[in-house]
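Counting from 591, one number per residue, gives the positions in the sequence shown under this note's numbering.
For every residue, glycine included, the Cβ atom is placed at its ideal position computed from N, Cα and C.
One structure below.
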Amino acid sequence: STLSQLGIHVGEADFVVALAGNPNTGKSTIFNALTGLRQHTGNWPGKTVTRAEGGFRHEDKTYKVVDLPGTYSLLSTSPDEEVARNFILFGRPDVTVIVVDSTRLERNLNLTLQILEITDRAVVCLNLIDEAERNGLEIDTRTLARHLGVPVVAVSARYRRGFDQLLDSIGEVASGAVRTAPHRVKRFQSEFQKTLEGVVEELTGLYPDLPNPRWVALRLLDGDQRIIEALLSNEMAQLAAGTEQEAETVPDSEQVQSFLKRIEKIRYSIGSDFQDHLMEAIYGDAAEIAGRTASLKGERPRFDVWRSVDQLVTSRLWGFPLMLLMLTGVFWLTISGANVPSSLLSQLLIDKLYPLLQNGATAIGIPWWLKGVTIDGMYLATAWVVSVMLPPMAIFFPLFTLLEDLGYLPRVAFNLDRIFKRVGAHGKQALTMAMGFGCNAAGVIATRIIDSPRERLIAIITNNFALCNGRWPTQILIASLFLGAMVPARLAGFVSALAVVSVAVLGILLTFLVSWFLSRTWLKGEVSSFTLELPPYRPPRVL
């Protein structure tokens, strides 16, 4: 089947559901809520590079859920957008759930309208509706559903609000109980519209089973090389039919070549600005629909505190000092907060329990060598690790997670992007380095968000300079023993934190230095562009 060709095995599922949407709209959170899988839901865009799969059951029906990569568009040729586009176009999921950020409706409708050009079976999920209401934004879901031609459900994935209605809508569209009439972009000039209709008619004659010839025609007129290659290799025919077609039903190469030559002439006649016209039409429809369905209650305050905070933490003057101050504060809280529990655990496990185990082993006659291996070796080493390393880790990682959930880490990447670009690396390396502070293995895995193999290799090589969780407690212990002991007790925590921050900053400087060296010697190449969405500040969830 087509789904098997795309790497999806349906198994015993009755329906296949695709999750699509812009990055940072809560798509992964909805995926977790639907399937029960625990996928990391960080607050920076573009984390879900490859799809994730799961399943759920609703009203005696089983559903296979495929979490597609978060994308801003389906018109480009990046790997993420190609995966999402091909699955929706050729995979023919029973339902495509389009996750939309309610607080940014107009911008998110851009992708929504593109998806509705591809598939008739869709449900729009208005996530973050609680934030929209808190900001005084009202969205008329009925009017929006009427304009889009598909069901629209307001949801708060954070508080699991609206999920029953979402599940019902998914079931109704999947089973065909609800008929949809998706919005189609029609703002083209008359000559463009006639040209498009002619290409669609000819394309349908060549490929009768094509799911949506209108979308393929739009991509051909835009010169999409991936679609052209699919036509030339007969991949289009095979994917459209779901199996390899018989020879007589597949257009021969001469027909395809002749068709593509006519497309080339049409593209030449309409000019190179076709994509501009297409995007203008999509953005125009998105703005019109958003204007008719969303309204703001009351007046927007003249002073926006979070915008002022953003200007401060991303400024050239204060961005780096505030970043270092934040890092120092995290380590100071970690070191100062870990002292008491570390001392209590040490007293319990080493000062009290260790002598009891020694005396008990002697009393029952355990040989000295076995006692040395088990109690003096295994137990004492484990007790030391637990008492010294567990408290700092138990404090540091929740603090790091709070910064991530708050939305501060993307600001760190924004500040570091300029430097990474100057040393010949990619700005996304700042994100992988931040992940490396938690775990180097996770940091290396996170480098897959970097498309360029050259820049990805630089990020992998330099990730070891970020101090991972296994080294934090050791650094903190050494700083506390040798530097904290040299100053008054009230300053010990601050001095130790400053020392650890200095080591972390040294690792960052080494990352810049080695990246610069590699990009000018063995790994030369052009620096890729980096587009980063700064998500709004959100209150972290403790539970």
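By how many angstroms is the C-alpha of residue j removed from the C-alpha of residue i?
| i | j | result |
| --- | --- | --- |
| E721 | T1111 | 49 Å |
| T972 | P988 | 23 Å |
| Q901 | G909 | 9 Å |
| M1025 | A1056 | 9 Å |
| L1099 | F677 | 42 Å |
| L701 | L939 | 57 Å |
| P981 | L868 | 56 Å |
| A953 | P1078 | 45 Å |
| Y1127 | L1096 | 29 Å |
| W856 | V775 | Here the sequence assigns Ile to residue 856, which means Trp is not the residue at that position. Approximately 20 Å between the Cα atoms of the pair. |
| G1033 | R697 | 30 Å |
| A884 | V1002 | 32 Å |
| R748 | L992 | 15 Å |
| H737 | H773 | 7 Å |
| S618 | E844 | 45 Å |
| L800 | A712 | 18 Å |
| G1028 | R897 | 28 Å |
| R1008 | G1017 | 7 Å |
| E1116 | L1006 | 18 Å |
| K887 | S1086 | 50 Å |
| A877 | F1120 | 26 Å |
| V903 | L946 | 54 Å |
| N802 | M826 | 12 Å |
| G967 | I1068 | 22 Å |
| Y653 | R769 | 19 Å |
| A1082 | A951 | 39 Å |
Count the other C-beta atoms from every protein chain shown that fall within 10 angstroms of the C-beta of residue i, then say buried if there are 16 or more, exposed otherwise.
| i | result |
| --- | --- |
| R724 | exposed |
| I985 | buried |
| V606 | buried |
| D575 | As shown, the chain starts at 591 and ends at 1133. That puts residue 575 outside it, with no answer to give. |
| V920 | buried |
| Y858 | exposed |
| W958 | exposed |
| T709 | buried |
| K1114 | exposed |
| N1139 | The requested residue 1139 does not occur in the structure, where the chain is confined to residues 591 to 1133. |
| E1045 | buried |
| E994 | buried |
| F1010 | buried |
| V930 | exposed |
| R809 | buried |
| M1076 | exposed |
| G681 | buried |
| D866 | exposed |
| R1000 | In the sequence on display, residue 1000 carries Pro and not Arg. It is buried - the Cβ of P1000 has at least 16 other Cβ atoms within 10 Å. |
| A674 | buried |
| G766 | exposed |
| G795 | exposed |
| A771 | exposed |
| A610 | buried |
| F1072 | exposed |
| P659 | buried |
Does DSSP classify residue i as helix, strand or coil?
| i | result |
| --- | --- |
| K654 | strand |
| G962 | helix |
| P635 | Reliability of the predicted coordinates at P635 is poor, the pLDDT of 35 falling under 50, and the value obtained from them is presented with this limitation in mind. Three-state result, P635: coil. |
| R852 | helix |
| R1135 | Since the first residue of the chain shown is 591 and the last is 1133, residue 1135 is not available in this structure. |
| G752 | coil |
| V1077 | coil |
| H867 | helix |
| V1104 | helix |
| L1133 | Legend: pLDDT at L1133 = 49, less than 50; position of this residue unreliable, value from coordinates given subsequently. Coil, per DSSP. |
| E728 | strand |
| A603 | coil |
| D621 | For the sequence presented, residue 621 should be read as Phe rather than Asp. The answer is helix: DSSP assigns F621 an H, G or I state. |
Between residue i and residue j, which are expected to be in contact by the criterion C-beta below 8 Å, what is the C-beta distance as a whole number of angstroms?
| i | j | result |
| --- | --- | --- |
| R750 | A623 | 6 Å |
| V818 | L850 | One point to set straight first is that residue 818 is Ile, not Val, in the sequence displayed. Going by Cβ atoms, the distance from I818 to L850 rounds to 6 Å, so yes, they are a contact pair. |
| I1212 | Q704 | Given that the chain is displayed from residue 591 to residue 1133, the structure contains no residue 1212 and the question cannot be resolved. |
| F752 | V745 | In the sequence as displayed, the identity of residue 752 is Gly instead of Phe. Yes, G752 and V745 are in contact; Cβ-Cβ is about 4 Å, under 8 Å. |
| A1015 | S1109 | 6 Å |
| T661 | E671 | 5 Å |
| V790 | R804 | 5 Å |
| I925 | S1070 | 6 Å |
| A683 | D1041 | In the sequence under discussion, the amino acid at residue 683 is Pro, which differs from the Ala named in the question. Not really, about 25 Å apart at Cβ, beyond 8 Å. |
| M979 | P1063 | 4 Å |
| V1091 | T918 | 5 Å |
**Message:** Ignoring anything shorter than 3 residues, give me the beta strand (DSSP E) runs that lie fully in the stretch 661-712, in order along the chain.
**Reply:** 685-691
**Asked** Unbroken beta strand (DSSP E) runs of length 3 or more, entirely within the stretch 887-938: which are they?
**Response** none
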